[in-house]
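Chains D and V are the protein sequences, given in the same order. Heads up, the first sequence is in UniProt numbering, so the first residue is 1 and it goes up one at a time. Heads up, the second sequence is in UniProt numbering, so the first residue is 1 and it goes up one at a time. We put the CB at the ideal spot given by N, CA and C, even for glycine. Here the structure is a predicted model, which means the values were calculated and not measured.
There are 2 protein chains.
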Amino acid sequence: MAKIAVMGHGVVGSGVVEITLVNGEQLKKRSGETIEVKRILDLRDFPGLSYSNLFTKDFQDIVNDEEISVVCEMMGGVSPAYEFTKACLEKGKSVVTSNKELVAQKGAELLQIAKQNNVNYFFEASVGGGIPIIRPLHQCLAANKIEEITGILNGTTNFILSKMLDDNMPFEEALALAQQKGYAEKDPTADIEGDDACRKICILAALAYGNHIYPKDVHKEGISKLTLADVRYARSWDGEIKLIGRAAPVENGKVTIMVGPMLVPQDNMLSSVDGVFNAVTVKGNMVDKVTFVGRGAGKSPTASAVVADVVDAVKSHGTSISQTWIDNGESMVADYLDDVVAYYMRVKTADVSAAKAYVEQRLPEVEFLDYDGSAEDEIAFVTQPMVARESHTLEQDLEQNGIQPVSKLRILQ
Amino acid sequence: MAKIAVMGHGVVGSGVVEITLVNGEQLKKRSGETIEVKRILDLRDFPGLSYSNLFTKDFQDIVNDEEISVVCEMMGGVSPAYEFTKACLEKGKSVVTSNKELVAQKGAELLQIAKQNNVNYFFEASVGGGIPIIRPLHQCLAANKIEEITGILNGTTNFILSKMLDDNMPFEEALALAQQKGYAEKDPTADIEGDDACRKICILAALAYGNHIYPKDVHKEGISKLTLADVRYARSWDGEIKLIGRAAPVENGKVTIMVGPMLVPQDNMLSSVDGVFNAVTVKGNMVDKVTFVGRGAGKSPTASAVVADVVDAVKSHGTSISQTWIDNGESMVADYLDDVVAYYMRVKTADVSAAKAYVEQRLPEVEFLDYDGSAEDEIAFVTQPMVARESHTLEQDLEQNGIQPVSKLRILQ
Numbered sequence: 001m002a003k004i005a006v007m008g009h010g011v012v013g014s015g016v017v018e019i020t021l022v023n024g025e026q027l028k029k030r031s032g033e034t035i036e037v038k039r040i041l042d043l044r045d046f047p048g049l050s051y052s053n054l055f056t057k058d059f060q061d062i063v064n065d066e067e068i069s070v071v072c073e074m075m076g077g078v079s080p081a082y083e084f085t086k087a088c089l090e091k092g093k094s095v096v097t098s099n100k101e102l103v104a105q106k107g108a109e110l111l112q113i114a115k116q117n118n119v120n121y122f123f124e125a126s127v128g129g130g131i132p133i134i135r136p137l138h139q140c141l142a143a144n145k146i147e148e149i150t151g152i153l154n155g156t157t158n159f160i161l162s163k164m165l166d167d168n169m170p171f172e173e174a175l176a177l178a179q180q181k182g183y184a185e186k187d188p189t190a191d192i193e194g195d196d197a198c199r200k201i202c203i204l205a206a207l208a209y210g211n212h213i214y215p216k217d218v219h220k221e222g223i224s225k226l227t228l229a230d231v232r233y234a235r236s237w238d239g240e241i242k243l244i245g246r247a248a249p250v251e252n253g254k255v256t257i258m259v260g261p262m263l264v265p266q267d268n269m270l271s272s273v274d275g276v277f278n279a280v281t282v283k284g285n286m287v288d289k290v291t292f293v294g295r296g297a298g299k300s301p302t303a304s305a306v307v308a309d310v311v312d313a314v315k316s317h318g319t320s321i322s323q324t325w326i327d328n329g330e331s332m333v334a335d336y337l338d339d340v341v342a343y344y345m346r347v348k349t350a351d352v353s354a355a356k357a358y359v360e361q362r363l364p365e366v367e368f369l370d371y372d373g374s375a376e377d378e379i380a381f382v383t384q385p386m387v388a389r390e391s392h393t394l395e396q397d398l399e400q401n402g403i404q405p406v407s408k409l410r411i412l413q
Numbered sequence: 001m002a003k004i005a006v007m008g009h010g011v012v013g014s015g016v017v018e019i020t021l022v023n024g025e026q027l028k029k030r031s032g033e034t035i036e037v038k039r040i041l042d043l044r045d046f047p048g049l050s051y052s053n054l055f056t057k058d059f060q061d062i063v064n065d066e067e068i069s070v071v072c073e074m075m076g077g078v079s080p081a082y083e084f085t086k087a088c089l090e091k092g093k094s095v096v097t098s099n100k101e102l103v104a105q106k107g108a109e110l111l112q113i114a115k116q117n118n119v120n121y122f123f124e125a126s127v128g129g130g131i132p133i134i135r136p137l138h139q140c141l142a143a144n145k146i147e148e149i150t151g152i153l154n155g156t157t158n159f160i161l162s163k164m165l166d167d168n169m170p171f172e173e174a175l176a177l178a179q180q181k182g183y184a185e186k187d188p189t190a191d192i193e194g195d196d197a198c199r200k201i202c203i204l205a206a207l208a209y210g211n212h213i214y215p216k217d218v219h220k221e222g223i224s225k226l227t228l229a230d231v232r233y234a235r236s237w238d239g240e241i242k243l244i245g246r247a248a249p250v251e252n253g254k255v256t257i258m259v260g261p262m263l264v265p266q267d268n269m270l271s272s273v274d275g276v277f278n279a280v281t282v283k284g285n286m287v288d289k290v291t292f293v294g295r296g297a298g299k300s301p302t303a304s305a306v307v308a309d310v311v312d313a314v315k316s317h318g319t320s321i322s323q324t325w326i327d328n329g330e331s332m333v334a335d336y337l338d339d340v341v342a343y344y345m346r347v348k349t350a351d352v353s354a355a356k357a358y359v360e361q362r363l364p365e366v367e368f369l370d371y372d373g374s375a376e377d378e379i380a381f382v383t384q385p386m387v388a389r390e391s392h393t394l395e396q397d398l399e400q401n402g403i404q405p406v407s408k409l410r411i412l413q
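Below, the structure is given as C-alpha cells:
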C-alpha cells in the first residue's frame, strides 16, 4: 500500500484523485501496490465529495505524515509550491508536479535536493500535458546528441491560430472563443505572449543540455499582433503559422533558444498539429527526428501524466532515478540576434511597384507572396536566411524607403 | 565498466557497435558506466575494422563469459536467435533486441525467463525503429486503459503509398524504387503483404492487453492490389491510403486486431505521416490520443533505440524492470468479421447509371466518389459502418447485379 497526498484540488489535482479512484486496479497492476490518496491540501472547502474527509488546510499534516511517500504538487505558481516541495523532498517524500513555472524557476535546485534525499522529483505533466515527452527525451538522450528541439507547446495559442487559419476568424474573436471554451484564462497573457511556451522549452532544453535555463533569459514573441492577412499569406506559401519554442546547441557550449510565431512549411510534421494539440519534435544525431503529439492540457490528460509519474515514484521508492541538470550560475543562452534565419515579412507601402523593385534589389533572392483579396497597399515576401541582427537593418532600410514593416515572422527550417 | 556483446554484425548490429564508439562519453554520462563491446558474434569475417579482434564465430564465447552482462541480439529470425537469447537470459545476462519476429513468436516466454533470472529482455527497437514507443506506451498504460492502438508500422509500404499518392507512380514502379533505395528487401513479401506490420501490432497489443498474440491468428491484407485509381479516389474524399495495424479491446476480454490498407481521413494525424516514417497513435481513457512519429527503420535510428535499451539494461542490472505479458494458451483475438467498419469500394460495371441506382438502393446513405479522369466503366463509393461480415454479402449482391468489386478498403474512424 502506497499512500500519497495531493496539494491543490483544482482542475488537475481533482483529476489525479479521480484517476486513483477510477483506475485503481490498473494502478495496482502497474506499480505493484495499491495507491491511496491519504490527504488533500486546499484552503477551500469541498463538502459533499466521497472523499471530503481527506482535506486539510495545514501543510504540516502532509509533510509530517511518515506514511505519505509521494506528494503531488498541483498548486501552481512558485510560492509556496517551492517551499512545500523542498520540505517534502527533505523529508524523504518523492514529489510529482505539473507546475512548469516552478520547474522552470527552481528545477535544478529541487532535482539536487531530491538526489541528496534519495527520492525523485518528477514533472512529466509540466510539458505537453498528457504527452509522454520527458521520459522519451531521456530515452533519445541515452544514445543521441540532441541537435534540435522544436515544439508547439501551448494549446491555447495553437487553438487560436487554427481558428484564424481554418475559419478565417480574427485574432480577438478566436481568443474570445478560446476563453469561452475554457482553454484560455481570463488574463491570457501567459499564453498569447509566449510565457507558458517559454517555460516549457526551458525545461526541455535544460534536460537535453544539462544546465538550467531561466525563462527571463529567453527571447520571446507572442501572437497578439498576427492578422488574418499573415495567415493567408502563409497558406499561399504552403505553410502554417505556429507558435514555436525552439532550442538548439550552437558554438561554445551555448544554446540558441527562443519562442515566437513561425512559418512552418507543410512538410514539417508540426504544421499539421491543430487545435489544442501540442507537439514536440526532437532531432537526435542518430535517430533523426521523432515527434510526439497529443493533448497538451486539460484535466484528464494532464492528470494521467501526473499519475504515471506517481506510479514511477512508487516503484522506485528509495532510489533517485530522475534525470537531473545543474545550475552552474552561467547562462548558456546564446544571443538570439546571432541566429541565422529566413523571414516572412509583410509591409505597407504607398507605391507597391516601387516597393517591390526596392525589395528585389535589396534582397536578390526574395520570394513574393500573394493571395486572392490581399490588400492593395501591402506586399509580403520570404527572404533567404540571414543573421537575425541584419533583419533589423533591413527593416530600417525599408522604412527609409517609405516601406512600413507590419509583420516579421521567422521561418522554421 | 559494463561489457556487452553484439550477436549479428549486419546493418543494425554494426550500427550498435558504432554508436558505442562514437557516443561513448554520452553513454557513460547516461548509464553511469563506460560501455564496452567485448565480443561480436558473426559467422562472416570482418577484417580491416578497428574492432576486428572482437569477432567470434562461437556463441559459447559470449554465453560463458561472465564479464558480459548485456547481449544485443541483432541476428533476426526465430532460430537460433531464440535459443541464444534463452541461454543468455538463463545465465543472468540481459538481452536487448530489434528482432520483432522473435518477440512476436516467443515474447511471453522470454519475458518470463528474464523475470525468473532477475534480468531484462528489452525490445524498444522491434517496433517503430528509433521512435520511443514501448516505454511511452508503458507510461500511458500506467494511468490509462488503452482503448485503441493504430499505427503505420512499416516504412517500406508507407514509402510506396506516398510515391503512388504524391508522384502518381504505379505500385510496381514505387516498389522497384523502394528496392533501389534499400528500403525494401529483394523479396518484399513480408513488407507489402503486411507480415512485418502484423508482428509489430501483435507486440504492442500484447503489451497493452497483457496476453500474447500470435501473428498467425491475426487477419492481414497487403497493399499489392492497390492501384492509382484507389489512391486518387481516396484523395477526392480528402483521405490518404495507409497500411494500418490496429488493435482495440472488444467484449469478453477479446481484442480486435488486424493489418490492412485503410482510408485515413485528413484530420487524423496518421494521414500526414509520409515516406519511410512510422507512427503509432495510442488512445487512452484519460490521455485521449497521443501519437509518436519518426523513422521506423534504418541503421542509425534502430541502433540508437537498441543502445538506449542497453543503457537501461546497464542501469537496472540485477533488477527485472521490463513490462511482461503472459501466454495463457487462449487466443484473445476476436473474429475480425465481427468488426463494425465503414468501407471504401471501387467496382467495375458495364452500365454505370444502373450500377449507381442499385448501390443507392442497396446502401441508402452511400457517398459516391469521383475524380478528374476516373475510368468510365467504374464507380467508387464510401459506405456507412457495417459488420465486416456483411461486406461479403454486399460484394455477392453486387456481383449478382453485374457489378464487379475491384477494391475494398476499410475506413479508419
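Straight-line gap, residue i to residue j (C-alpha atoms, nearest Å)
i               : j               : result
T150 of chain D : L412 of chain D : 9 Å
L243 of chain D : Q266 of chain D : 15 Å
R135 of chain V : V127 of chain V : 11 Å
I160 of chain D : K216 of chain V : 47 Å
Q400 of chain V : I321 of chain V : 58 Å
E360 of chain D : V103 of chain V : 60 Å
V259 of chain D : M262 of chain V : 38 Å
N211 of chain V : L165 of chain D : 45 Å
G15 of chain D  : T156 of chain V : 42 Å
L369 of chain V : V264 of chain V : 15 Å
K408 of chain D : A174 of chain D : 21 Å
I19 of chain V  : A87 of chain V  : 26 Å
Y121 of chain D : S98 of chain D  : 11 Å
F123 of chain D : D397 of chain D : 47 Å
G130 of chain D : V290 of chain V : 8 Å
Residue i (DSSP reduced to helix, strand or coil)
i               : result
N70 of chain D  : At residue 70 of chain D the sequence reads Val, which differs from the Asn that was named. V70 of chain D: strand per DSSP, three-state reduction.
A87 of chain V  : helix
P265 of chain D : strand
H219 of chain D : strand
F277 of chain D : strand
F381 of chain V : strand
K242 of chain V : strand
P136 of chain V : helix
Contacts that residue i makes with chain D (C-beta to C-beta distance below 8 Å)
i              : result
I19 of chain V : A143, M286
Check whether residue i and residue j have beta carbons under 8 Å apart
i               : j               : result
P132 of chain D : D288 of chain V : no
P385 of chain D : V341 of chain D : yes
G107 of chain V : G8 of chain V   : no
R346 of chain D : D230 of chain D : yes
K57 of chain D  : I4 of chain D   : no
T85 of chain V  : V70 of chain V  : no
E33 of chain V  : M1 of chain V   : yes
V276 of chain D : N158 of chain D : yes
Chain V contact residues for residue i, given Cβ-Cβ distances below 8 Å
i               : result
V276 of chain D : Result: empty, since nearest Cβ-Cβ is about 10 Å, beyond 8 Å.
N23 of chain D  : A143, N144, K145, N285, M286
V311 of chain D : A142, A143
Proximity test, residue i beta-carbon vs the ligand SAH heavy atom, cut-off 7 Å
i               : result
A334 of chain D : Among the components of this structure there are no ligands whatsoever, and the ligand SAH is therefore not found.
Where residue i meets chain V, residues with beta-carbon distance less than 7 Å
i               : result
S14 of chain D  : Those do not exist, as S14 of chain D stays about 13 Å from chain V at its closest Cβ, beyond 7 Å.
S304 of chain D : A143, N144, G284, M286, V287
Neighbouring residues, chain D, relative to residue i (Cβ below 7 Å)
i                      : result
N328 of chain V        : Residues of chain D passing the Cβ test: none, with the nearest at roughly 16 Å.
residue 427 of chain V : A question about residue 427 of chain V goes unanswered here, because the residues of chain V that appear run from 1 up to 413.
> Using a beta-carbon distance cut-off of less than 8 Å, what residues from the segment 25-58 of chain V approach chain D?
Replying inline: Q26, L27, R30, S31
>> By the 7 Å beta-carbon criterion, what residues does the segment 118-149 of chain V contribute toward chain D?
In response: G130, I131, P132, R135, P136, Q139, C140, L141, A142, A143, N144, K145
>> If the cut-off is 7 Å on Cβ atoms, which residues from the segment 290-302 of chain D count as contacting chain V, listed in chain order?
In response: V290, T291, F292, V293, G294, R295, S300, P301
> If contact means a Cβ-Cβ distance below 7 Å, which residues of the segment 155-169 of chain V contact chain D?
Replying inline: none
> Listed from N- to C-terminal order along the chain, which residues in the segment 236-269 of chain V have their beta-carbon within a distance smaller than 7 Å of any beta-carbon of chain D?
Replying inline: M269
> Taking any Cβ of chain D, which residues in the segment 61-95 of chain V have a Cβ under 9 Å from it, in chain order?
Replying inline: none
> Can you list, in chain order, the residues of the segment 318-343 of chain D whose Cβ is nearer than 7 Å to any Cβ on chain V?
Replying inline: none
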